[in-house]
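Colleague: Here you go, one structure.
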Amino acid sequence: MKTTYVNHLFQILVVIIFLNVQTSFSQDKYKDQLNVIFETFITKDFQLLNPIVKHQYKNKTIKEVENFINTIKQQICLFPTPEGYRVIGNETIGFNEKLTVEYQYANKTRLHYFTFNPKGKLIRIQVAPSIAASL
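If you use my numbering, the sequence shown corresponds to residues 1389 to 1523, in order.
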């Protein structure tokens, strides 16, 4: 009985360590992109996003790209200036990776979700449960 308990405890510990390492890896892997998004939240300078979304332009119509950028602008403008952020989770969806990022604001924290393709380009942003933009 004691051996079974120790085995279960060990398995749980391994899973927790794996999840922490995976989240840390994702934060490091997408650090530059997350910093660009964070800086955009602070400055409201949407030109900063070009390097992480511009690749999409050749595969989409101009209207689709404009709608994506405009939706991002509308979403980001809903929020005050954030004070910090940290990645608290990640999920692999097909070949893409969705990061759960906790943004700290003056009075509270909010979860935002950013999905990147294998090239590290932003393909989806969701800053509230009912508000998302995808390209």
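Every residue, glycine too, gets a C-beta built ideally from N, C-alpha and C.
Everything numeric in this text was worked out from a predicted model, so none of it was measured.
List the DSSP bridge partners of Ile1450.
Modeller: In the DSSP output, where bridge partners are listed per residue, Ile1450 has none listed.
Colleague: Mind checking Phe1483: buried by the 16 CB within 10 Å criterion, or exposed?
Modeller: Result: exposed.
Colleague: For Gln1421, does the count of other Cβ atoms within 10 angstroms reach 16, so buried, or fall short, so exposed?
Modeller: Buried is the call here.
Colleague: Counting pairs of beta carbons, one from the region 1462–1472 and one from the region 1480–1494, are three or more of them closer than 8 Å?
Modeller: Touching, yes, given that three or more Cβ pairs across the two stretches are closer than 8 Å.
Colleague: If I'm right that Ile1481 touches Thr1497 with Cβ under 8 Å, what's the distance once you round it to whole angstroms?
Modeller: Actually they are not in contact, since the Cβ atoms of Ile1481 and Thr1497 sit about 24 Å apart, beyond 8 Å.
Colleague: Secondary structure at Thr1469, three-state DSSP: helix, strand or coil?
Modeller: Thr1469: coil per DSSP, three-state reduction.
Colleague: Please name the residue or residues paired with Ser1522 in a DSSP beta bridge.
Modeller: Beta-bridge pairing links Ser1522 to Arg1512.
Colleague: Using the beta-carbon count (16 or more within 10 Å), is Asn1458 buried or exposed?
Modeller: With fewer than 16 other Cβ atoms within 10 Å, it is exposed.
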